[in-house]
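Its first residue numbered 49, the sequence shown is counted upward by one per residue in this note's numbering.
C-beta: ideal position from N, C-alpha, C; glycine also.
In what follows, a structure is listed as structure tokens, so that the remarks can point back to it.
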Amino acid sequence: MSGVNQRPLPASGSPAAVDPASGSQEPALAGHEDRLILICNQGYSSSLAAVRLRSLGFEETTDVVGGFSAWRAAGLPVHTYSGPVPLGAASVVTDARERILLVHHDYGERNWEIPGGALEARESAEDAARREAREETGVLLEVERLTGVYWEPGWGAAGGHHFVFRARLASGSPTPRVTDRAEIRELGWFARDALPRPISDFTIERIDDALADRPPTVTLVAPRTWLR
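The following block contains the structure:
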């Protein structure tokens, strides 16, 4: 890798954040377009992002196999992160029959999950929950209430908080459909006693908290167990 830019850069879901011609390029990427090395926690999202960028003409794009987890396990240099912790937002979307809307990921554990993702800059958790549901399933949400805040120490390098809301489809919302083919393979409505597999215990915990009639709590998230 001598003679090329070797600075690992975080995987981005938006090509505009990379392309200098877009007018929306992430400042940290400026001058590093000749060779991009993407990294995420386990190497799944970064691989998808690398393929997408290569298809757009950034042919010298690759990623770190195994992500940060493999980097750290190999004993490579790791510096303590002192910046803000990551924040995520997700929604337990229910219909009139109390069924839950779930999406089937096409990466990682290829698991079923509630719609959600990371907050963007200057975005509230509630707005992020609406945006993620719209980007993944095309729906418009009416958020009913916050149902829980979850601290996950194992998320990334510094741990992070997840904000979870109970929601339903807003009046006039389109019917749910897969709108992000890069990450979502299918979706569906499921009864609580007939949740599909694979699914994590953390996802079930968030569903149960949203369905319960009790105030939101702050919960510590243990390492996830996968139910198959």
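Simplified DSSP assignment, three categories, for residue i
| i | result |
| --- | --- |
| residue 272 | coil |
| residue 95 | helix |
| residue 184 | helix |
| residue 69 | helix |
| residue 214 | strand |
| residue 234 | strand |
| residue 243 | coil |
Proximity test, residue i beta-carbon vs the ligand ZN heavy atom, cut-off 8 Å
| i | result |
| --- | --- |
| residue 200 | Ligands displayed in this structure: none; no statement on the ligand ZN is therefore possible. |
Cutoff 8 Å; reference residue i; Cβ partners in own chain excluding five residues on either side
| i | result |
| --- | --- |
| residue 193 | 213, 214 and 264 |
| residue 255 | 140, 148, 162, 240 and 243 |
| residue 157 | 246, 248 and 274 |
| residue 146 | 239, 240 and 259 |
| residue 221 | 187, 188 and 189 |
Delimiting residues of the beta strand (DSSP E) encompassing residue i
| i | result |
| --- | --- |
| residue 219 | Taken as a continuous stretch (DSSP letters only), residue 219 belongs to no beta strand (DSSP E), as it is neither H nor E. |
| residue 77 | Counting along the chain, residue 77 falls outside any beta strand (DSSP E), and DSSP gives it neither H nor E. |
| residue 81 | Counting along the chain, residue 81 falls outside any beta strand (DSSP E), and DSSP gives it neither H nor E. |
| residue 191 | 189–200 |
Where the alpha helix (DSSP H) containing residue i begins and where it ends
| i | result |
| --- | --- |
| residue 106 | Segment: none, residue 106 is in no alpha helix (DSSP H) and carries neither H nor E. |
| residue 227 | No alpha helix (DSSP H) contains residue 227, which DSSP labels as neither H nor E. |
| residue 253 | 249–259 |
Close beta carbons around residue i, own chain, < 6 Å, minus the five adjacent residues each side
| i | result |
| --- | --- |
| residue 109 | 84, 98, 101 and 102 |
| residue 61 | Residue placement at residue 61 is poorly supported in this model, since its pLDDT is 45, which falls under 50; the coordinates still yield a value, given next. Nothing meets the Cβ criterion. |
| residue 172 | none |
| residue 90 | 115 and 117 |
| residue 210 | 136 and 198 |
Contacting residues, own chain, Cβ-Cβ under 7 Å from residue i (five flanking each side not counted)
| i | result |
| --- | --- |
| residue 227 | 183, 184, 185 and 186 |
| residue 234 | 152 and 226 |
| residue 276 | 245 and 246 |
| residue 250 | 269 and 272 |
Of the residues the options, the one placed nearest residue i, counting alpha carbons only
| i | options | result |
| --- | --- | --- |
| residue 114 | 154, 82 and 88 | 88 |
| residue 204 | 166, 66 and 143 | 166 |
| residue 191 | 150, 133, 257 and 174 | 174 |
| residue 232 | 81, 142, 208 and 180 | 180 |
| residue 261 | 78, 202, 196 and 121 | 196 |
| residue 133 | 217, 105, 206 and 257 | 206 |
Mind listing, in chain order, the continuous alpha helix (DSSP H) runs of no fewer than 4 residues lying wholly within the region 114–187?
-> 115–121 and 173–185
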